[in-house]
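Worksheet: one structure, shown below.
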Amino acid sequence: MHVRVLAFARLRELVGFGERRIACTSGATLDDLWGELARENAEVAALRPSTRFARNGVLAAGTTVLADGDEVALLPPVGGG
Amino acid sequence: MIALCAGPLALEPLIAAVRDDAHGAIVTFLGVTRATSNGDSRPVEALEYEAYPAMAQAEMEAIAAEAQRRFGPLRIAMLHRTGRVERGEPSVAIAVGTPHRPAAFAACAFAIDALKARVEIWKNECYADGASAWQPNAEAAP
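Chains A and B are the protein sequences, given in the same order. In case it helps, this note's numbering puts the first sequence at residues 1 to 81. In case it helps, this note's numbering puts the second sequence at residues 1001 to 1142.
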């Protein structure tokens, strides 16, 4: 199955894409997906404590199981205003 | 009127949007790009804002609904810039109209504080030397 991953701000620069379709195994969680993105990128891995996830526009815990076609967003600490 | 917008901001359309014969008070807030950052001594030339539009819009609408519950009856308008905002230019504008002024002041303060803590918008500070850095808000959720 595939999910569409959105990355913003510093995370977008570090993972090297703003939006990308990524293949996942059935039963994969948000934490699993993060693990793939962070596996060979220590700068990405270091941002896990300050990163929140959203699944289909709603904040979601890392243990959330993904479904085919989900939109996943990687959200750094916000900076609006 | 609650939206992200790519062009310059002005207060007048927000004031018009919250005007009501039942309202004796309209309080406005304009957030403007400062020349200096909290986290950096270099002069700031501009801010570049990036948003997750679907979540940012939903969160701004949730903040407006919460303001209504806590401080209403009121009318609230909220616009936030995306893209590059030069030093001295506004990046966020809020107007709140209420029957009496205490609720308008309280709701406007609540709305900007909640926006800075919760809305999915990010800012990249661009410095005079050509460098830039993403600056999270102190009040952002961890």
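Don't be surprised by glycine CBs; every beta carbon is placed ideally from N, CA and C. Since we're looking at a predicted model, the values are computed, not measured.
Residue from the options with nearest C-alpha to residue i
{"i": "B:E1050", "options": "A:H2, A:V5, A:R10 and A:V3", "result": "A:R10"}
{"i": "B:A1078", "options": "B:E1139, B:A1140, B:F1105 and B:V1018", "result": "Before going on, a small fix: residue 1078 of chain B reads as Met here, not Ala. Of the candidates B:E1139, B:A1140, B:F1105 and B:V1018, the one whose C-alpha sits nearest the C-alpha of B:M1078 is B:V1018."}
{"i": "B:A1022", "options": "B:P1053, B:Q1135 and B:R1101", "result": "B:R1101"}
{"i": "B:A1095", "options": "B:R1075, B:L1009 and B:A1140", "result": "B:R1075"}
{"i": "B:G1024", "options": "B:N1124, B:A1104 and B:R1069", "result": "B:A1104"}
{"i": "B:D1113", "options": "B:A1058, B:A1138, B:Y1052 and B:P1043", "result": "B:A1138"}
{"i": "B:A1056", "options": "A:G81, A:A23 and A:D32", "result": "A:G81"}
{"i": "B:E1120", "options": "B:L1004, B:Y1052 and B:M1001", "result": "B:Y1052"}
{"i": "B:G1088", "options": "B:N1124, B:T1033, B:A1107 and B:V1027", "result": "B:T1033"}
{"i": "B:R1042", "options": "B:A1131, B:M1001, B:P1136 and B:L1115", "result": "B:A1131"}
{"i": "B:E1045", "options": "B:H1080, B:A1064 and B:E1086", "result": "B:E1086"}
{"i": "B:H1080", "options": "B:P1099, B:E1048 and B:P1073", "result": "B:E1048"}
{"i": "B:F1110", "options": "B:I1063, B:E1125, B:Q1135 and B:P1013", "result": "B:I1063"}
{"i": "A:E43", "options": "A:V5, A:R12, A:A73 and A:H2", "result": "A:R12"}
{"i": "A:G2", "options": "A:P76, A:G79 and A:D70", "result": "Per the sequence shown, the amino acid found at residue 2 of chain A is His instead of Gly. It is A:D70 whose Cα lies nearest to the Cα of A:H2."}
{"i": "B:P1099", "options": "B:W1134, B:I1026 and B:E1125", "result": "B:I1026"}
{"i": "A:E40", "options": "A:L75, A:L74, A:V58 and A:G16", "result": "A:G16"}
{"i": "B:I1015", "options": "B:A1106, B:G1097 and B:Q1135", "result": "B:G1097"}
{"i": "B:F1029", "options": "B:D1020, B:A1006, B:T1036 and B:E1012", "result": "B:E1012"}
{"i": "B:A1128", "options": "B:A1035, B:Q1135 and B:A1107", "result": "B:A1035"}
{"i": "A:A7", "options": "A:T51, A:S26 and A:V58", "result": "A:T51"}
{"i": "B:A1010", "options": "B:P1090, B:C1108, B:N1124 and B:W1122", "result": "B:P1090"}
{"i": "A:A54", "options": "A:I22, A:R21 and A:L75", "result": "A:L75"}
{"i": "B:I1008", "options": "B:A1093, B:C1126 and B:R1118", "result": "Sequence inspection shows Pro at residue 1008 of chain B; the Ile mentioned does not correspond to that position. The option with the nearest alpha carbon to B:P1008 is B:A1093."}
{"i": "A:P49", "options": "A:G18, A:G62, A:G57 and A:I22", "result": "A:G62"}
First through last residue of the alpha helix (DSSP H) which encompasses residue i
{"i": "B:P1053", "result": "P1053 to F1071"}
{"i": "A:V15", "result": "A9 to V15"}
{"i": "B:V1018", "result": "E1012 to V1018"}
{"i": "A:A38", "result": "L30 to A38"}
Segment limits, beta strand (DSSP E) that includes residue i
{"i": "B:L1079", "result": "R1075 to R1081"}
{"i": "B:E1120", "result": "Segment: none, B:E1120 is in no beta strand (DSSP E) and carries neither H nor E."}
{"i": "A:L85", "result": "Residue 85 of chain A cannot be examined here, being either before or after the span of chain A that is shown, 1 to 81."}
{"i": "A:E19", "result": "E19 to A23"}
{"i": "A:A46", "result": "A:A46 -> no beta strand (DSSP E), and no H or E assigned at all."}
{"i": "B:L1004", "result": "I1002 to C1005"}
Per DSSP, the bridge partner or partners of residue i
{"i": "B:P1090", "result": "B:V1032"}
{"i": "B:G1097", "result": "B:I1026 and B:R1075"}
{"i": "B:G1134", "result": "For the record, residue 1134 of chain B in the displayed sequence is Trp; it is not Gly. In DSSP, B:W1134 forms a bridge with B:N1124."}
{"i": "B:C1108", "result": "According to DSSP, which records beta bridges pairwise, B:C1108 is partnered with nothing at all."}
{"i": "A:L6", "result": "A:E19 and A:A73"}
{"i": "A:R55", "result": "A:V58 and A:V72"}
{"i": "B:R1084", "result": "B:E1048"}
{"i": "A:V65", "result": "A:T29"}
Near the ligand NAD: residue i beta-carbon under 8 Å from a heavy atom
{"i": "B:R1101", "result": "Absent from the structure shown: the ligand NAD. Ligands present: none."}
Inset, instruction - Report yes or no: do three or more beta-carbon pairs, one from the stretch 22-32 of chain A and one from the stretch 53-68 of chain A, lie closer than 8 Å? - result: yes
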